[in-house]
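*Asks:*
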Amino acid sequence: MARIFSGVQPTGNLHLGNYLGAIRNFVNLQKGNECIYCVVDLHAVTVWQEPKNLICNTREVAAAFIAAGVDPKKSIIFNQSAVSAHTTLSWVLNCVVRVGWLNRMTQFKEKAGKNRENASVGLYVYPALMAADILAYFATHVPVGDDQKQHLELTRDIAQKFNNDYDVDFFPIVEPLILEDAARVMSLRDGRQKMSKSDPSDNARINITDDADTIAKKIRRAKTDSEPVPDGSQSLGTVATRPEAFNLIDIFCALTECSRTEIMSEFGGKPFSEFKPALADAAITSLGPVGTEMRHLLNDPAEIDRVLADGANRARSISEPIIKEVHGIMGFLNP
Ligand code: TYM
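Just so we're aligned, residue 495 is where the sequence shown starts under this note's numbering, counting upward by one.
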């Protein structure tokens, strides 16, 4: 049995990329594995969060997990700040990770932008906290979208360095679980940018909570080009020349679990005005029930809080003994 760990930031606007790239896989992985799913509120505050919004967004991510099919009786659902192992271990790992390694993290460069001097130190050491999330549970497998791949490679390096430095075989070396078909869902407005919670245009993403009309409208307005749907031949373009067209095809593939070849043989050569309604139907069929269930769950915030409290207790019972062992290995006196 593998131990699965993953996290989602409560920064609002959960979208189709989060669902297809990560949350949907959380559900499937429950079969035969021990799963721990975390609402990573400590990661969220590496950029400013309005406290009232953070509370709502934390419950919203927990509700999304449950609405998508994560069973809180079987899997652990909790928020990161409720379990002190994360911050305790992240300090230890801050002392293991090298500045040079963090300097290579592309997500920091993207998020800090041109004004690096003004970015929080938390944003810079974000990947060490992420490594702590995973290693505090001895997790072996981590389902994520493609954008987290570099952070997981760093987690492996950190675990390896800790084991080498202290001459122990302690932390496991994690395996990323990145599903090919939806590893990188792109923006509906620009096929070269990933779909993101922070895109200022709401039309660039499909939010998990969008209703059927909004989903259909966003897909109708999604950027394409003047060519018909690609049919697999070079004459109708490639992913590199038609990123928006292939993004819509890939979203269709992920939603329907069909291959690109199947989709292109059905729609190839047809105008996008014929393809888009079919894509909208697939998105509504897949996301609609999740959004409805989320709204229903969010009507009872006390119940969500109960799930999170129970999850935090169970998370503590796994991570606390691991942290004790870390302290012992490092020579921290515990009188
Ligand atoms: P976050 O909150 O940005 O995103 C949550 C999950 O959604 C995936 N994702 C996407 N997948 C496909 N296409 C997209 N356009 C897209 N956008 C986001 C992300 O890859 C992620 O799996 N650092 C993490 C949170 C985290 C974590 C962890 C994950 C903290 N600790 C430990 C795994 C294990 C993050 O910012 O995800």
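Here a beta-carbon is modelled for each residue, glycine too, at the ideal position from N, C-alpha and C.
1. Check arginine 598 in the structure and name its three-state DSSP category.
2. Using only CA atoms, which one of Ala806, Asn609, Val636 lies nearest to leucine 646?
3. If you check the beta carbons only, do phenylalanine 572 and alanine 806 fall under 8 angstroms apart?
4. If you scan the region 508 to 552 from start to end, which runs of the beta strand (DSSP E) of 3 or more residues do you find wholly inside it?
5. What are the boundary residues of the beta strand (DSSP E) that phenylalanine 572 is part of?
6. Please classify arginine 714: is it buried, with 16 or more other beta-carbons within 10 angstroms of its beta-carbon, or exposed?
7. Would the beta-carbon of glutamate 824 be found less than 7 angstroms away from any heavy atom of the ligand TYM?
8. Please state whether the Cβ-Cβ distance between isoleucine 702 and histidine 509 is less than 8 angstroms.
9. Less than 7 angstroms between the CB of isoleucine 700 and some heavy atom of the ligand TYM, yes or no?
10. In this structure, how does DSSP classify asparagine 612 when only helix, strand and coil are distinguished?
11. What whole-angstrom Cβ distance do leucine 536 and leucine 623 have, given they're in contact under 8 angstroms?
12. Any heavy atom of the ligand TYM closer than 7 angstroms to the Cβ of arginine 650?
13. If I'm right that arginine 699 touches aspartate 641 with Cβ under 8 angstroms, what's the distance once you round it to whole angstroms?
*Replies:* Working from what's here:
1. DSSP places arginine 598 outside both helix and strand once states are collapsed to three, so it counts as coil.
2. A check of alpha carbon separations from leucine 646 across Ala806, Asn609, Val636 identifies Val636 as the nearest.
3. It is a contact, given that the beta carbons lie within the stated cut-off.
4. 528 to 533
5. 570 to 573
6. exposed
7. It should be pointed out that residue 824 corresponds to methionine in this sequence rather than to glutamate. No, since every heavy atom of the ligand TYM falls outside the 7 angstroms radius drawn around the Cβ of methionine 824.
8. Yes, they are a contact pair.
9. Result no, Cβ not under 7 angstroms from the ligand TYM.
10. If DSSP states are grouped into helix, strand and coil, asparagine 612 belongs with the helices.
11. 6 angstroms
12. no
13. The Cβ separation is near 14 angstroms, so there is no contact.
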